[in-house]
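Notes for the one structure printed next.
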Amino acid sequence: LSEGYTVGALAAVNAFGSALLPDSPLFWAWPFEQANELGDQLRLLASHPPGAVELDYTFQSALAAANTTLCLVATDATLNKTQAARLALMAQTGLARALRPVYTPFDGDSVFALATGATAAEPLSAQTVARLGSCAAD
Numbered sequence: 004l005s006e007g008y009t010v011g012a013l014a015a016v017n018a019f020g021s022a023l024l025p026d027s028p029l030f031w032a033w034p035f036e037q038a039n040e041l042g043d044q045l046r047l048l049a050s051h052p053p054g055a056v057e058l059d060y061t062f063q064s065a066l067a068a069a070n071t072t073l074c075l076v077a078t079d080a081t082l083n084k085t086q087a088a089r090l091a092l093m094a095q096t097g098l099a100r101a102l103r104p105v106y107t108p109f110d111g112d113s114v115f116a117l118a119t120g121a122t123a124a125e126p127l128s129a130q131t132v133a134r135l136g137s138c139a140a141d
């Protein structure tokens, strides 16, 4: 961030849904790709334009809580408990961008936030916390 803070995320994905559009090599999150981190999805889009999207999950496990996606969002900012909870809450929107469907009765999806406090311990404005959360979601 321009304020000098860093935010990153790790995810372990065993979702009931999928990260890919049906019958396509394109990720649901392709519009949010940064620096070709998803393998240059814009190039793939030219050769694999998405058609009508009809989701079929009959092949998936229908056992309650048999699937889950666990995410850790970390920042070097100093956050209090309320700010860390807000960071995790905002980061959850990234799951909705990346997986379809998400938070089903068959998933135990969770996002955790970690603040190392490696940067100055000055109180963060609500705007800075919002920017951290938005970056975490992307």
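Just so we're aligned, residue 4 is where the sequence shown starts under the working numbering, counting upward by one.
Note that beta-carbon positions come from the ideal geometry of N, C-alpha and C, so glycine has one too.
Would you say residue i reaches chain D, if we count a Cβ-Cβ gap shorter than 8 Å as a contact?
| i | result |
| --- | --- |
| L92 | This model lacks chain D altogether; it includes just one protein chain. |
Does DSSP classify residue i as helix, strand or coil?
| i | result |
| --- | --- |
| A12 | strand |
| S137 | helix |
| L117 | strand |
| E77 | Note that residue 77 is Ala in the sequence shown here, rather than Glu. Reduced to three states, the DSSP call for A77 is strand. |
| F30 | strand |
| L92 | helix |
| T122 | coil |
| L23 | strand |
Once you ignore the five residues that flank residue i on each side, which residues in its own chain have a CB closer than 7 Å to its CB?
| i | result |
| --- | --- |
| Y8 | T78, D79, A80, T122 and L135 |
| F35 | R100 and D141 |
Residue j and residue i - do their beta-carbons sit closer together than 8 Å?
| i | j | result |
| --- | --- | --- |
| F115 | L75 | yes |
| L92 | D112 | no |
| A133 | A87 | no |
Please look up how many angstroms separate the CB atoms of residue i and residue j, rounded, as I've assumed it's under 8 Å.
| i | j | result |
| --- | --- | --- |
| F103 | S21 | Per the sequence presented here, residue 103 reads as Arg, with Phe not at that position. At roughly 6 Å, the Cβ-Cβ gap stays under 8 Å, so R103 and S21 are in contact. |
| N70 | F19 | 4 Å |
| T72 | A14 | 6 Å |
Just how far apart, CA to CA, sit residue i and residue j?
| i | j | result |
| --- | --- | --- |
| T85 | A94 | 14 Å |
| A32 | V10 | 18 Å |
| L90 | V105 | 19 Å |
| N17 | N39 | 23 Å |
| G120 | L4 | 15 Å |
| L127 | Q37 | 26 Å |
In chain order, what residues of the same chain lie with their CB nearer than 6 Å to the CB of residue i, ignoring the 5 residues before and after it?
| i | result |
| --- | --- |
| T107 | F19 |
| N83 | none |
| D26 | none |
Excluding five sequence neighbours on each side, which residues of the same chain lie with their C-beta closer than 8 Å to the C-beta of residue i?
| i | result |
| --- | --- |
| A12 | C74, L75, V76, A77, A94, G97 and A139 |
| S137 | M93 |
| T131 | L4, E6, Y8 and A80 |
| A129 | none |
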